[in-house]
Amino acid sequence: MSTTVTEPAPTEKKSRFSKKSKSNETGIPDYSDFSAVKPKPNLAPRYVRDRRAADKTLRIVFWAMIGLFGLLVAGVIASLFFALGAKESLDDSLNTQKQVQNEVSRLGPIADYYDGLVQRQELASSTMQNDLDHPKLLEELYSAARGHVEVLSVTMAPSAPCPGPNPFETTPALGCINLTVSANNPAGAAAFVEALNSNPTLFSDAFTPTFASSEGTPANVTVNYSSNALSMRFVPADRRDEVKAAAEEAASRATTGATP
Amino acid sequence: MTAKQTKIVAAGGVAAVVLVALAWFFGVSPQLSNANESKSAEEQAITATAALRTELASLQQKEAELGKASDAYNQLAQQFPPSFQTAEWVTMVTSAASRSGAVLTTISPSVPQLGSVGATDEEAAAAAPVDPAAAAEETLATSTVNLTAEGDAESLREFLRLLNQMPRPILVEHAAITTDESTGGSILTVTGSTFMMRALENPLENPAPEGETSQEAPEVAEGPQ
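Structure representation (structure tokens):
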């Protein structure tokens with residue numbers, strides 16, 4: 001038994017697509033909207049179709065997992081390389097640090113030498129900072145005595161400043177020099193005291209508690225000396241003002257203590 | 261989507277999450293942690309190296325100026341020798357006396373004592389036993405010297421001036437010029453201190469043996485393993 005399907009004539013029956021079809025214009029039927037093959041009914045049972053769909057899904061998930069695994073492996077490898085790079089960089093830095101440290105250690109004795117030298121220079125300076133310029137003091141004393149008195153003895157020893165002629169105001173001084181002089185007359189001894197007092201940068205508060213009453217009689221003279229009597233020969237030039245100020249501060253305290 | 265598909269997708273999702281978690285906790289995270297520790301240690305190393313470089317620059321400058329420092333120390337060591345060097349010192353004093361015209365009558369240096377000892381402390385210092393620990397730390401030692409010379413006032417002043425200019429300094433604590441009534445001459449009495457300093461080893465003259473340095477290299481921080 002055969003069935004014959006007759007193609008309807010395009011002109012005989014109006015297609016439901018006729019409005020859009022070009023056949024109306026050209027007379028040729030247009031099947032572009034239809035499948036190239038004939039539609040056929042899916043006769044497979046549902047469970048088969050489900051199994052096929054499940055298989056397909058499984059394949060998709062499987063490949064997706066493979067892809068994800070690949071990505072993760074790539075990520076792990078990348079992080080491994082990143083960590084290795086960081087470690088290499090660290091090793092380089094540590095090597096550099098070790099090299100510099102070795103160089104610093106090699107130069108350590110030089111640092112010790114410098115530190116020792118500086119310490120010794122400071123020690124020498126502090127030990128000798130109270131050194132008095134005795135030749136200069138003697139020179140000035142003998143110079144002041146010239147023509148007025150003959151110096152019989154000079155004693156320069158650590159002592160508090162001696163009281164001067166002005167009990168209300170004593171010039172700060174580092175210490176006191178005791179002299180014994182021989183004067184032809186009291187005026188000579190007085191002139192000597194005046195000569196000492198006319199040198200205020202070095203001396204102050206000269207006084208003669210025992211005056212000569214006649215020719216050749218010894219007279220005792222006391223005179224204070226200032227911070228300018230310090231020799232400063234071991235004090236570096238940039239510290240001299242500081243040392244002098246400290247000495248004057250001490251002199252001021254000593255003078256205040258010595259003044260009744 | 262069928263129930264089976266849903267199950268497959270759900271199982272795949274769970275497996276993906278587990279896979280990602282495993283990769284993170286056992287693969288990526290430890291490496292990132294290592295990398296972070298390395299970076300942190302590297303930063304510390306860079307900071308430490310920068311500080312060391314600053315110190316090194318200072319040391320290299322000192323090394324370049326070592327000759328000057330050596331000269332300065334040699335001069336200081338002449339003024340403050342490590343031991344009293346009696347013969348040298350006596351020669352200096354007698355030479356000063358003979359050049360000035362004064363006659364040196366007494367010259368008596370005391371045994372050097374550790375520290376800056378004044379003339380008044382000398383007896384107490386001499387009686388005290390030497391502490392080895394203190395001796396190891398002390399840099400300065402003192403010897404009290406007493407000098408007496410005779411001559412005219414002019415020569416004694418000159419002698420005092422020459423004493424003041426000696427290469428070995430004397431810190432004069434007491435100086436007196438008195439007239440000797442019996443002879444008519446003058447007598448100079450000087451009490452002072454002369455000092456000694458512990459010797460300093462010059463690294464150029466006594467280089468440290470290879471591998472031995474005075475400053476031990478500190479341990480360098482270890483990076484992550």
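Read top to bottom, the protein sequences are chains A and B. Heads up, the first sequence is in this note's numbering, so the first residue is 1 and it goes up one at a time. Heads up, the second sequence is in this note's numbering, so the first residue is 261 and it goes up one at a time. Virtual Cβ for every residue (Gly too), placed ideally from N, Cα, C. These numbers come from a predicted model, not from an experiment.
With a cut-off of 9 Å, does the C-beta of M426(B) fall near any C-beta of chain A?
Position 166 of the second sequence, counted from the start, is the residue given in the question as residue 426(B). Chain A, which has no Cβ nearer than 9 Å to the Cβ of M426(B), makes this no.
For E410(B), write down the residues that DSSP places opposite it in a beta bridge.
Locating residue 410(B) in the second sequence gives position 150, counting from the first residue. The partner list for E410(B) (beta bridge, DSSP) reads V363(B), I447(B).
When the distance is taken between beta carbons, is L84(A) closer than 9 Å to A305(B)?
Counted from its first residue, the second sequence places residue 305(B) at position 45. Counted from its first residue, the first sequence places residue 84(A) at position 84. No; because the gap between Cβ atoms is not below 9 Å, this pair is not in contact.
Can you tell which of E248(A), F234(A), D241(A) has the C-alpha that lies nearest to the C-alpha of S125(A)?
One-based indexing of the first sequence puts residue 125(A) at position 125. From the listed residues E248(A), F234(A), D241(A), the smallest Cα separation to S125(A) is found for F234(A).
Is S415(B) near the ligand FAD, in the sense that its beta carbon is under 8 Å from a heavy atom of that ligand?
Summarising the ligand content, the structure contains no ligands, and the ligand FAD is consequently not present.
How about M457(B) and F344(B): are their beta carbons less than 9 Å apart?
Within the second sequence, the letter at position 197 stands for residue 457(B). Within the second sequence, the letter at position 84 stands for residue 344(B). No, they are not a contact pair.
Kindly provide the ranges of any alpha helix (DSSP H) runs that are 4 or more residues long and lie completely inside the region 167–227 of chain A, ordered along the chain.
Counting whole runs of 4 or more residues, the region 167–227 of chain A contains the alpha helix (DSSP H) stretches 186–197.
Is the CB of Y225(A) under 9 Å away from at least one CB in chain B?
Sequence index remark: in the first sequence, residue 225(A) carries index 225 (1-based). The C-beta of Y225(A) comes no closer than 9 Å to any C-beta of chain B.
In this structure, how does DSSP classify Q129(A) when only helix, strand and coil are distinguished?
Against the first sequence, residue 129(A) aligns to sequence position 129. In the structure shown, Q129(A) adopts coil according to DSSP, grouped into three states.
Does the Cβ-Cβ distance between Q435(B) and V154(A) come in under 9 Å?
The residue given as residue 435(B) occupies position 175 in the second sequence. The residue given as residue 154(A) occupies position 154 in the first sequence. Note on residue identity: the sequence assigns Ala, not Gln, to residue 435(B). Yes; because the gap between Cβ atoms is below 9 Å, this pair is in contact.
Any idea what DSSP makes of E302(B), helix, strand or coil?
Your numbering for residue 302(B) matches position 42 in the second sequence. Residue state for E302(B) is assigned as helix, using DSSP reduced to three classes.
On the DSSP bridge assignment, give the partners of G375(B) in chain order.
For the purposes of this step, residue 375(B) is taken as the residue at position 115 of the second sequence. Looking at the DSSP assignment, G375(B) forms no beta bridge with any residue, so it has no partner.
With a Cβ-Cβ cutoff of 9 Å, do L68(A) and L279(B) count as a contact?
The residue you call residue 68(A) lines up with position 68 of the first sequence. The residue you call residue 279(B) lines up with position 19 of the second sequence. The Cβ atoms of L68(A) and L279(B) lie closer than 9 Å to each other.
Which same chain residues end up closer than 8 Å to P478(B) when comparing Cβ atoms and leaving out the 5 residues on each side of it in sequence?
Sequence index remark: in the second sequence, residue 478(B) carries index 218 (1-based). Only weak support exists for where P478(B) lies, its pLDDT of 42 falling under 50; the value from the coordinates is given anyway. Apart from the 5 residues on each side of it in sequence, P478(B) has no Cβ closer than 8 Å to any other Cβ in its chain.
Where the beta strand (DSSP E) containing S153(A) begins and where it ends:
Start at 1 with the first residue of the first sequence, and residue 153(A) comes out as number 153. Residues 149–156.
Against chain A, with Cβ distances strictly below 9 Å, would S343(B) count as a contact?
For the purposes of this step, residue 343(B) is identified with residue 83 of the second sequence, where counting begins at 1. It does not; no Cβ of chain A falls within 9 Å.
With three or more beta-carbon pairs closer than 8 Å as the criterion, would you say the region 443–454 of chain B touches the region 404–415 of chain B?
A contact exists between the region 443–454 of chain B and the region 404–415 of chain B.
When the cut-off is 9 Å and only beta carbons count, does A477(B) lie next to chain A?
Residue numbering aside, residue 477(B) sits at position 217 when the second sequence is read from its first letter. In this prediction, A477(B) has a pLDDT of 41, which is less than 50 and means its spatial position is unreliable; what the coordinates show is noted afterwards. Between A477(B) and chain A, the shortest Cβ-Cβ separation is below 9 Å.
Given T438(B), which residues of its chain have a CB within under 6 Å of its CB, disregarding the five upstream and five downstream residues?
Mapped onto the second sequence, residue 438(B) falls at position 178. Taken in chain order, the residues that qualify are I447.
Just the C-alpha distance for K19(A) and T266(B), rounded to the nearest angstrom, thanks.
As a working mapping, residue 19(A) is identified with position 19 in the first sequence. As a working mapping, residue 266(B) is identified with position 6 in the second sequence. For K19(A), the predicted model reports a pLDDT of 48, less than 50, meaning its position is unreliable; a value from the coordinates is still stated below. Cα to Cα, the separation comes out at about 44 Å.
Among L336(B), L282(B), N406(B), which residue has its Cα nearest to the Cα of P427(B)?
Sequence index remark: in the second sequence, residue 427(B) carries index 167 (1-based). Residue L336(B) is the option with its Cα nearest to P427(B).
Please confirm if F455(B) has its CB atom under 9 Å from at least one CB of chain A.
For the purposes of this step, residue 455(B) is taken as the residue at position 195 of the second sequence. It does; some Cβ of chain A falls within 9 Å.
Cα-Cα separation, A54(A) to K264(B)
The count along the first sequence starts at 1 and reaches residue 54(A) at position 54. The count along the second sequence starts at 1 and reaches residue 264(B) at position 4. It is roughly 6 Å from the alpha-carbon of A54(A) to the alpha-carbon of K264(B).
Taking only beta-carbon atoms, is G411(B) less than 9 Å away from chain A?
If you number the second sequence from 1, residue 411(B) lands on position 151. Residue contact check for G411(B) against chain A: no CB pair falls below 9 Å.
Measure from the C-beta of H148(A) to each C-beta in chain B and report whether the shortest distance is under 9 Å.
In the first sequence, the residue the question calls residue 148(A) occupies position 148. It does not; no Cβ of chain B falls within 9 Å.
What residues in its chain sit with their C-beta under 6 Å from that of T451(B), if we drop five residues either side in the sequence?
In the second sequence, residue 451(B) corresponds to position 191, counting from 1. If we look at T451(B) and ignore the five residues flanking it on each side, its Cβ neighbours are A379, N406, E433, H434.
Cβ pair D50(A), T262(B) closer than 9 Å:
Your numbering for residue 50(A) matches position 50 in the first sequence. Your numbering for residue 262(B) matches position 2 in the second sequence. Between D50(A) and T262(B), the CB-CB gap stays under 9 Å.
To the nearest angstrom, report how far apart H134(A) and R240(A) are at their CA atoms.
Along the first sequence, read from residue 1 onward, the residue named residue 134(A) stands at position 134. Along the first sequence, read from residue 1 onward, the residue named residue 240(A) stands at position 240. Here the alpha carbons of R240(A) and H134(A) stand approximately 18 Å from one another.
Counting only Cβ pairs nearer than 8 Å, list the residues of chain B close to A229(A).
What you label residue 229(A) is simply residue 229 of the first sequence in a count that begins at 1. Going along chain B, no residue has its Cβ under 8 Å from A229(A), so there is no contact; the nearest lies around 12 Å.
Could you compute how far the alpha carbon of E242(A) sits from the alpha carbon of L423(B)?
On the first sequence, position 242 is the one that residue 242(A) refers to. On the second sequence, position 163 is the one that residue 423(B) refers to. Going by the C-alpha atoms only, they are around 27 Å apart.
Report the rounded CA-to-CA distance for N462(B) versus G375(B), giving the unit in angstroms.
Walking along the second sequence from the start, residue 462(B) turns up at place 202. Walking along the second sequence from the start, residue 375(B) turns up at place 115. Their Cα atoms are separated by approximately 23 Å.
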